[in-house]
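**Q**
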Amino acid sequence: MTRYTLLAAALLAMPLAAHAGDTTIAAGSEYRFVTRMPTGLGPGLALDYIKSDNKDSQGNKPSFGAAGVMVGLPVPMLLRVDLGGKLVYLEANGPASAAMAGGRLTVDLPMSAEAFVHGFYAGAGASSGTVTQVTDTMAGVRWSPLKMVGIEVGYRTVEVKREDGRRNIKLADGAYAGVSAAF
């Protein structure tokens, strides 16, 4: 899968972008990322881009770009569940792609705060080339002193495993801090 295919998929999904969502720009000690996750009921566009500050075995800084669709499910108040998938293009010890499935659970907390966890997974059957597994997990807390602007802290890991274990790499693994905007 090329970058152009991923871009075309994102453009075709643009009508879903009208769905409300949270966009976070954050940095950890050795990685940076931008993530957009939909909020509310029904389908919405999910976007993700992660860039590692560490170099892979080929001397490049690994990256991870994804576009997908998440569906918000009706659940009791103070809780949100989103399930879906995303297509990922990786540049980590060689190019690869993967179709990841997963979800996000968000719990509203007092004083304009919320806690969330998300997890996505692609096995060997949903990955290209020598990639045997791709995982993306994140947990965090967001405080929104203003209705549409928040401060977020959490922990994120993104790992790519290959048939040759020496080419395994973690694009993200550690605490992060960032800002978010809801629109």
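Residue numbers -20 to -1, 1 to 163, in mature numbering (1 follows the signal peptide of the UniProt record, and there is no 0), belong to the letters of the sequence shown in order.
Just so you know, even glycine gets a beta-carbon here, dropped at the ideal spot from N, CA and C.
Just so it is clear, the structure is predicted and the values come from calculations on it, not from any experiment.
(1) Are the Cβ atoms of residue 211 and residue 68 separated by less than 8 Å?
(2) Whole beta strand (DSSP E) runs in the stretch 38 to 72 with 3 or more residues, listed along the chain?
(3) So residue 122 packs on residue 94, CB below 8 Å; how close in whole Å?
(4) For residue 110 and residue 90, what's the separation of their Cα atoms in angstroms?
(5) From the DSSP output, in three-state form, read off residue -1 for me.
(6) Start and end of the beta strand (DSSP E) containing residue 92?
(7) What residue range does the beta strand (DSSP E) around residue 150 cover?
(8) Using DSSP with H/G/I as helix, E/B as strand and the rest coil, what is residue 83?
(9) Over what stretch of residues does the beta strand (DSSP E) that includes residue 112 continue unbroken?
(10) Along the chain, where does the beta strand (DSSP E) that runs through residue 27 open and close?
(11) Just to check my reading of the structure: residue 132 and residue 4 have Cβ atoms closer than 8 Å, yes? What is that Cβ distance to the nearest angstrom?
(12) Do the CB positions of residue 52 and residue 18 come within less than 8 Å of each other?
(13) Relative to the alpha-carbon of residue 16, which residue among 22, 8, 101 and 28 has its alpha-carbon at the smallest distance?
(14) Determine whether the beta carbon atoms of residue 12 and residue 73 lie at a separation below 8 Å.
(15) Assuming contact is defined by CB atoms lying nearer than 8 Å, are residue 10 and residue 154 in contact in what I supplied?
**A** Reading off the structure:
(1) Coverage of the chain is limited to positions -20 through 163, which leaves residue 211 absent and any answer about it impossible.
(2) 43 to 53 and 59 to 71
(3) Your numbering for residue 122 matches position 142 in the sequence shown. Your numbering for residue 94 matches position 114 in the sequence shown. With 8 Å as the limit, residue 122 and residue 94 qualify as a contact, their Cβ atoms being about 5 Å apart.
(4) Here residue 110 is taken as the residue at index 130 of the sequence shown, counted from 1. Here residue 90 is taken as the residue at index 110 of the sequence shown, counted from 1. So the alpha carbons of these two residues sit roughly 46 Å apart.
(5) For this step, residue -1 is matched to residue 20 along the sequence shown. Coil at residue -1, not helix or strand.
(6) For the purposes of this step, residue 92 is taken as the residue at position 112 of the sequence shown. Per DSSP, residue 92 belongs to no beta strand (DSSP E) and is neither H nor E.
(7) Here residue 150 corresponds to residue number 170 of the sequence shown, with the count starting at 1. Counting along the chain, the beta strand (DSSP E) containing residue 150 begins and ends at 149 to 162.
(8) For the purposes of this step, residue 83 is taken as the residue at position 103 of the sequence shown. Residue state, collapsed to three classes: strand.
(9) Along the sequence shown, one-based indexing puts residue 112 at 132. Taken as a continuous stretch (DSSP letters only), the beta strand (DSSP E) holding residue 112 covers 111 to 126.
(10) The residue you call residue 27 lines up with position 47 of the sequence shown. Residues 22 to 32.
(11) For the purposes of this step, residue 132 is taken as residue 152 along the sequence shown, with counting starting at 1. For the purposes of this step, residue 4 is taken as residue 24 along the sequence shown, with counting starting at 1. Yes, they are in contact, since the Cβ atoms of residue 132 and residue 4 sit about 6 Å apart, within 8 Å.
(12) As a working note, residue 52 is residue 72 in the sequence shown. As a working note, residue 18 is residue 38 in the sequence shown. Yes, they are a contact pair.
(13) Taking the first residue of the sequence shown as position 1, residue 16 is located at position 36. Closest by alpha carbon: 28.
(14) Along the sequence shown, read from residue 1 onward, the residue named residue 12 stands at position 32. Along the sequence shown, read from residue 1 onward, the residue named residue 73 stands at position 93. No, the Cβ-Cβ distance between residue 12 and residue 73 is not below 8 Å.
(15) As a working mapping, residue 10 is identified with position 30 in the sequence shown. As a working mapping, residue 154 is identified with position 174 in the sequence shown. Yes. Within cutoff.
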